[in-house]
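What follows is a short report on a single structure.
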Amino acid sequence: MAEYINIKGQSIEVLASDPANPTIGQIWYNSTSNTLKGGSVTTAATWATGGNLSSARVYGGSFGGANDAVSMGGENTVSKIDLVEEYNGTSWTTATALPVATSVMSGAGSQTTGLGIGGQAPGGNTGNTFTYDGTTWSPTGTMATARGASASGGIQTAAFVAGGNPLSNATENFNGTSWTTTGNLNTARRFLGGAGTQTAGLGFGGYTPATGATEEYNGATWTTSNPLNTARGYLRGFGIQTVAVAAGGLTGGSPNLTAVTEEYDGTSWTNSTNLPTTLYGPYASGIGGNGTSGIIFAGQNPVGQTTATQDYIAAGAPTTKTITVS
2 MAEYINIKGQ
12 SIEVLASDPA
22 NPTIGQIWYN
32 STSNTLKGGS
42 VTTAATWATG
52 GNLSSARVYG
62 GSFGGANDAV
72 SMGGENTVSK
82 IDLVEEYNGT
92 SWTTATALPV
102 ATSVMSGAGS
112 QTTGLGIGGQ
122 APGGNTGNTF
132 TYDGTTWSPT
142 GTMATARGAS
152 ASGGIQTAAF
162 VAGGNPLSNA
172 TENFNGTSWT
182 TTGNLNTARR
192 FLGGAGTQTA
202 GLGFGGYTPA
212 TGATEEYNGA
222 TWTTSNPLNT
232 ARGYLRGFGI
242 QTVAVAAGGL
252 TGGSPNLTAV
262 TEEYDGTSWT
272 NSTNLPTTLY
282 GPYASGIGGN
292 GTSGIIFAGQ
302 NPVGQTTATQ
312 DYIAAGAPTT
322 KTITVS
């Protein structure tokens, strides 16, 4: 007797792992976990726990997306570190160390075409810039203004950096080889968040002391936009100029930590689902194409430095659901 599968074919895909970006309504059978799954959308923004870093740290740099991030440098409880780790959406793997142990670096680009920018080395603030190809760090053009804790965005051949510590409003553009000074931020600050591209960038929050100031960048000048609802510094964020996320930080001097998360729509900020814990000085990485998913990792919570990774999925973003029958 002919079987249904031979007449109609197999209507449900069999996959060894879940698709990275499932479409709404897509159904598949995961042969590894032996579960039936489908593509859905989130009804509310959520934070989920991801894989832990190899060691706790704070004040590091990062670049890449939610599933292909790079963590670089930072500080542990003893000193600045040169440790680099790569994330695949599930777990972290140790990669080639930075040429110099550095904290409060800025970053841009992807896991295989990245930039490590500035920061504070053992000798003080630096303008060092290093390219990363997924294996090797190589020195390239030096910034005109040595600094750390700056906003940044873009790709390896077209990046920007703005503000920073010591307190600065200076902005520079990178062309893949050298840096050029451009228009200043309207509000000088340090430990601010950044997102977007060289011609459509975003800078938000920071310390002047704590501010919610938000500015948009067109590659040459900055324009003031609506501020964060919660003024803070030592925060992180990800996304693009019209769809961005800001999370965590300090609303005043330590220990005034916050878990507040906000989403930017190109005009104003709206409160979203809070981080699972109050946190400052974290690292962050997100998908530059839509801003609806990203990760916040490491940093300082009320107990101390952490290894934790938190995955963010915005309301309405695609997600995977396990289908069960009772």
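Following the numbering used here, the numbering of the sequence shown begins with 2 at its first residue and continues without gaps.
Think of the CB as a built atom: it goes at the ideal place given N, C-alpha and C, for glycine as much as any other residue.
Quiz item: With DSSP run on the structure shown, which of helix, strand or coil describes residue 215?
Solution: Looking at residue 215 - three-state DSSP - the assignment turns out to be strand.
Practice problem: Go ahead and label residue 312 buried or exposed: buried means 16 or more other beta carbons lie within 10 angstroms of its beta carbon, across all protein chains shown. | Solution: It is buried - the Cβ of residue 312 has at least 16 other Cβ atoms within 10 Å.
Quiz item: Per DSSP, residue 166 forms a beta bridge with which residues?
Solution: Residue 166 pairs with 149.
Practice problem: Give the secondary structure of residue 106 by DSSP, where H, G and I count as helix, E and B as strand, and everything else as coil. | Solution: Residue state, collapsed to three classes: coil.
Quiz item: Taking C-beta to C-beta, are residue 265 and residue 248 nearer than 8 Å?
Solution: No, the pair does not count as a contact, with Cβ atoms beyond the cut-off.
Quiz item: Per DSSP, what kind of secondary structure is residue 191 in: helix, strand or coil?
Solution: Secondary structure at residue 191: strand, using DSSP grouped into helix, strand and coil.
Quiz prompt | Nonlocal neighbours in the same chain, by C-beta distance under 6 Å from residue 197, ignoring five residues either side | solution = Counting only Cβ-Cβ distances below 6 Å, and skipping sequence neighbours, we find 154, 203, 241, 242.
Self-check item: Buried versus exposed call for residue 14 [16 or more other C-beta atoms within 10 Å across all chains shown]
Solution: Its Cβ having fewer than 16 others within 10 Å, residue 14 is exposed.
Quiz item: What's the gap between the Cα of residue 290 and the Cα of residue 260?
Solution: Confidence in residue 290 is poor, its pLDDT being 38 and thus under 50, which makes the residue's placement unreliable; the coordinate value appears in the next sentence. Cα-Cα distance, rounded: 25 Å.
Quiz item: Whole beta strand (DSSP E) runs in the region 224-310 with 3 or more residues, listed along the chain?
Solution: Runs of the beta strand (DSSP E) spanning 3 or more residues and lying entirely within the region 224-310 occur at 237-241, 244-248, 262-265, 270-272, 284-287, 294-298, in chain order.
Quiz prompt | Beta-carbon contacts of residue 329 that lie in its chain and below 6 Å, excluding the five residues immediately before and after | solution = Missing from the structure shown is residue 329; the chain here goes from 2 to 327 and no further.
Quiz item: Quick one: what's got a C-beta closer than 6 Å to residue 288's C-beta in the same chain, skipping five residues either side?
Solution: Caution is warranted here: a pLDDT of 46 is assigned to residue 288, below 50, making its placement in the model unreliable, and the coordinate value is therefore given only provisionally. By the criterion of a C-beta distance shorter than 6 Å, residue 288 is surrounded in its chain by 66, 67, 294, once the five residues flanking it on both sides are discounted.
Practice problem: Using 10 angstroms around the beta-carbon of residue 267, count the other beta-carbons present and answer buried if the total reaches 16, otherwise exposed. | Solution: An exposed status is given to residue 267, since fewer than 16 other beta-carbon atoms sit within 10 Å of its beta-carbon.
Quiz item: Could you check where the beta strand (DSSP E) with residue 31 kicks off and where it finishes?
Solution: Here the beta strand (DSSP E) through residue 31 covers 28-31.
Practice problem: Would you check if the region 106-116 and the region 51-58 touch, i.e. whether three or more CB-CB distances between them fall below 8 Å? | Solution: No, the region 51-58 does not touch the region 106-116.
Quiz item: So, is residue 323 buried or exposed, given that buried needs 16 or more other C-beta atoms within 10 angstroms?
Solution: It is exposed - the Cβ of residue 323 has fewer than 16 other Cβ atoms within 10 Å.
Quiz item: So who's on the other strand from residue 126, going by DSSP bridges?
Solution: Residue 126 pairs with 121.
Exercise. Please confirm if the region 80-97 is in contact with the region 119-137, defined as three or more CB-CB distances below 8 Å between the two stretches.
Key: A contact exists between the region 80-97 and the region 119-137.
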